[in-house]
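Enquirer: The opening residue of the sequence shown carries number 11 in my numbering; numbering runs sequentially from there.
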Amino acid sequence: MRLSEEALRKTIRSYDRTATRYAQLTSKIPLPSQRDLFMEFLVAPGANLLDLGCGPGRDTRFYREQGYNVVGADLSVGMLDEARRRDPGGIFAQADMRCLPFRDGYFQGVWASASFLHLPKDSAEQALNEMHRVLAPNGVVFLAVKRGEAEGWREPEAAPQRFYFAYYHSDELAAKVEQPGFEILSLSENFSREQKHPDGSPVCWINLYARKVSI
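Below you can see the structure in the form of structure tokens.
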């Protein structure tokens, strides 16, 4: 079995087992500045958005309440069940970000917060190509990943299961995103007050916004 498949299978199984606990923990983590900037880059409410790696649907519901047409997509059945329970009016679909079941150019925005980071780096290009494909011209993508070295298995304190993480530096992430035809709009880093690595050090998030500039 390829590392990519094993990493995804075990990570998804861990999320299936911890969906409710994960939802409780992440509901306490604020994201106002990231969301506000994403909406600034988008057209007016009414646009089609893809919450890619939606988990328990926190952000899917938020954007729907702002007037956007949102599809929440995740590979974890447990997470999707939790999302539907928390937001019965939402639209959710099981999907692998490396092979998205949506037509070309359907979305004006792709929001991938803390999901792309679970892909082994040898699958990153495939996923970015798919995000590029499903975005309309001038569509906007948001990625939030953890800053760090290399990639591998981690066992976060809050979720005692096996999760695979791919860590990035800002320049490395930007180079990968530009390759399929995105233009970087904003790239920043921030330390989380709520989240820590297993060794107790604070998690540093890289927040990247990019626009589709080539077909």
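We treat Cβ as the ideally placed atom computed from N, Cα and C, and that holds for glycine.
Computed from a predicted model, the values in this text were never measured in an experiment.
Could you give the first and the last residue of the continuous beta strand (DSSP E) run that contains serine 123?
Expert: As a first step, residue 123 is located in the sequence shown; it is residue number 113 there, counting from the start. In the DSSP assignment, serine 123 falls within the unbroken beta strand (DSSP E) covering 117–123.
Enquirer: Anyone know if the C-beta pair for aspartate 97 and glycine 65 falls short of 9 Å?
Expert: Here the question's residue 97 lines up with position 87 in the sequence shown. Here the question's residue 65 lines up with position 55 in the sequence shown. No.
Enquirer: Is the beta carbon of aspartate 84 less than 9 Å from the beta carbon of alanine 105?
Expert: Here the question's residue 84 lines up with position 74 in the sequence shown. Here the question's residue 105 lines up with position 95 in the sequence shown. In contact: aspartate 84 and alanine 105 (Cβ atoms closer than 9 Å).
Enquirer: Residues in its own chain within less than 7 Å of leucine 52 by CB, not counting five upstream and five downstream?
Expert: Here residue 52 corresponds to residue number 42 of the sequence shown, with the count starting at 1. Result list for leucine 52: Gln118, Gly119 and Val150, in chain order.
Enquirer: Rounded to the nearest angstrom, how far is the Cβ of threonine 70 from that of phenylalanine 173, given a contact under 8 Å?
Expert: As a working mapping, residue 70 is identified with position 60 in the sequence shown. As a working mapping, residue 173 is identified with position 163 in the sequence shown. Threonine 70 to phenylalanine 173, Cβ: 21 Å. No contact.
Enquirer: Quick one: which unbroken alpha helix (DSSP H) runs of 4-plus residues sit fully inside the segment 37–67? Chain order, please.
Expert: 42–51
Enquirer: Near arginine 113, what residues of its chain come up, given a Cβ to Cβ distance below 8 Å and the 5 sequence neighbours on each side ignored?
Expert: Taking the sequence shown and counting its residues from 1, the one referred to as residue 113 is at position 103. If we look at arginine 113 and ignore the five residues flanking it on each side, its Cβ neighbours are Val144.
Enquirer: Reducing DSSP to helix, strand and coil, say where valine 223 ends up.
Expert: Working through the sequence shown from its first residue, we reach residue 223 at position 213. Coil at valine 223, not helix or strand.
Enquirer: On the criterion of 16 or more Cβ atoms from any shown chain inside 10 Å, does valine 223 qualify as buried, or is it exposed?
Expert: Taking the first residue of the sequence shown as 1, we reach residue 223 at position 213. Exposed, because fewer than 16 other Cβ atoms sit within 10 Å of the Cβ of valine 223.
Enquirer: Does DSSP classify aspartate 84 as helix, strand or coil?
Expert: Locating residue 84 in the sequence shown gives position 74, counting from the first residue. Strand.
Enquirer: Since proline 186 is in the alpha helix (DSSP H), which residue starts that stretch and which ends it?
Expert: Along the sequence shown, one-based indexing puts residue 186 at 176. Before going further, note that residue 186 is lysine rather than proline in the sequence given. Looking at the DSSP string, the run of the alpha helix (DSSP H) that includes lysine 186 is 180–188.
Enquirer: Just to check my reading of the structure: phenylalanine 48 and tyrosine 219 have Cβ atoms closer than 8 Å, yes? What is that Cβ distance to the nearest angstrom?
Expert: Residue mapping note: residue 48 aligns to position 38 of the sequence shown, counting from 1. Residue mapping note: residue 219 aligns to position 209 of the sequence shown, counting from 1. Yes, phenylalanine 48 and tyrosine 219 are in contact; Cβ-Cβ is about 7 Å, under 8 Å.
Enquirer: Is DSSP giving serine 133 helix, strand or coil here?
Expert: Numbered from 1 along the sequence shown, position 123 holds the residue referred to as residue 133. In this structure, serine 133 counts as helix in the three-state DSSP scheme.
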